[in-house]
Amino acid sequence: YGNLMYFTTGMAIERLLGRSWEDLVRERILNPLEMTSTNFSIEESQKTSDYAFPYLEKNEQLRQIPFRNLSLIGAAGSINSNIEDMLHWLQLQSAGGVYKNQSLISPVTLQELHTPQIIVPGTPESKETLIHAYGLGWGILSYRGYYLISHDGVSDGFTSVVAC
Numbered sequence: 031y032g033n034l035m036y037f038t039t040g041m042a043i044e045r046l047l048g049r050s051w052e053d054l055v056r057e058r059i060l061n062p063l064e065m066t067s068t069n070f071s072i073e074e075s076q077k078t079s080d081y082a083f084p085y086l087e088k089n090e091q092l093r094q095i096p097f098r099n100l101s102l103i104g105a106a107g108s109i110n111s112n113i114e115d116m117l118h119w120l121q122l123q124s125a126g127g128v129y130k131n132q133s134l135i136s137p138v139t140l141q142e143l144h145t146p147q148i149i150v151p152g153t154p155e156s157k158e159t160l161i162h163a164y165g166l167g168w169g170i171l172s173y174r175g176y177y178l179i180s181h182d183g184v185s186d187g188f189t190s191v192v193a194c
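Using my numbering, read the sequence shown as starting at 31 and increasing by one per residue.
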């Protein structure tokens, strides 16, 4: 995994299709999943009435910090969302690529995305974790007998984890 890979992919999409990667993501992912609050810039996020502010804890003190503009790295981390929209994304993942009775990702493709590609070396973090691997954009764990996929993200003042 590397953000450079996603940045490069976003640029390649733009060059190959003659359209921005944002337009493609909007058309193929956000619109079909009704992810109406998800956007690609902090300026767009700040137009909403309930956006979050970034904070940093240092020396046991919490203070608000400036937003980091990630638009220059594009597909590597400039998507902003909320819990309601991310629930739609998770519904797609857990329903085999189907959202509201519409197949958006083939089950074969989704299975490949959720399949371990690289085993993470080292001792498992707990006795309840049998395997820790990396798939195509997903961390993959066997936890207490359940198959768990997750992805996290961090930028200045924000941390996110999505899992199903």
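All C-beta atoms in this analysis are idealised placements derived from N, C-alpha and C, irrespective of residue type, glycine included.
Q) Between E124 and the rest of its own chain, which residues show a CB-CB distance below 7 Å, the 5 nearest in sequence each way excluded? A) At residue 124 the sequence reads Ser, which differs from the Glu that was named. Within the same chain, S124 has close Cβ partners C194.
Roughly how many angstroms lie between the CA atoms of S50 and I43, to the nearest whole one?
7 Å
- Query: Would you call L140 buried or exposed, if buried means 16 or more other Cβ atoms sit within 10 Å of its Cβ?
  - Reply: buried
Return the CA-CA distance between F195 and S180, expressed in angstroms with no decimal places. Because the chain spans 31 through 194 in this model, residue 195 falls outside it and cannot be assessed.
message: Using only CA atoms, which one of Y36, L46, V192, G165 lies nearest to G107?
response: Y36
_Q121 versus T159, F83, P62, residue with shortest Cα-Cα distance_ = P62
So for S111, helix, strand or coil by DSSP? coil
Runs of beta strand (DSSP E) lying entirely within the region 32–101, each at least 3 residues, in chain order: 85–88, 91–94
Next item on the list: Taking all protein chains shown into account, decide if L34 is buried (16 or more other Cβ within 10 angstroms of its Cβ) or exposed.
Entry: exposed
| Contact the region 84–99 vs the region 157–169: 3+ CB pairs below 8 Å | no
Along the chain, where does the alpha helix (DSSP H) containing V138 start, and where does it finish? 137–143
Which residue's Cα is closest to the Cα of Y85: K157, S75, S79, R98?
R98
Quiz prompt | When F83, G40, E57 are compared against S185, the one with the closest alpha-carbon | solution = F83
- May I have the straight-line CA-CA distance separating Y176 from E74, to the nearest angstrom? 38 Å
Checklist entry - Leaving out the 5 sequence neighbours to the left and right, which residues in its chain are closer than 7 Å to Y129 when beta-carbon positions are compared? => result P62, L63, H118, Q121, L122
Discussion item. Checking 7 Å against the spacing of the C-beta atoms, do T159 and L171 come in under that value?
Written reply: yes
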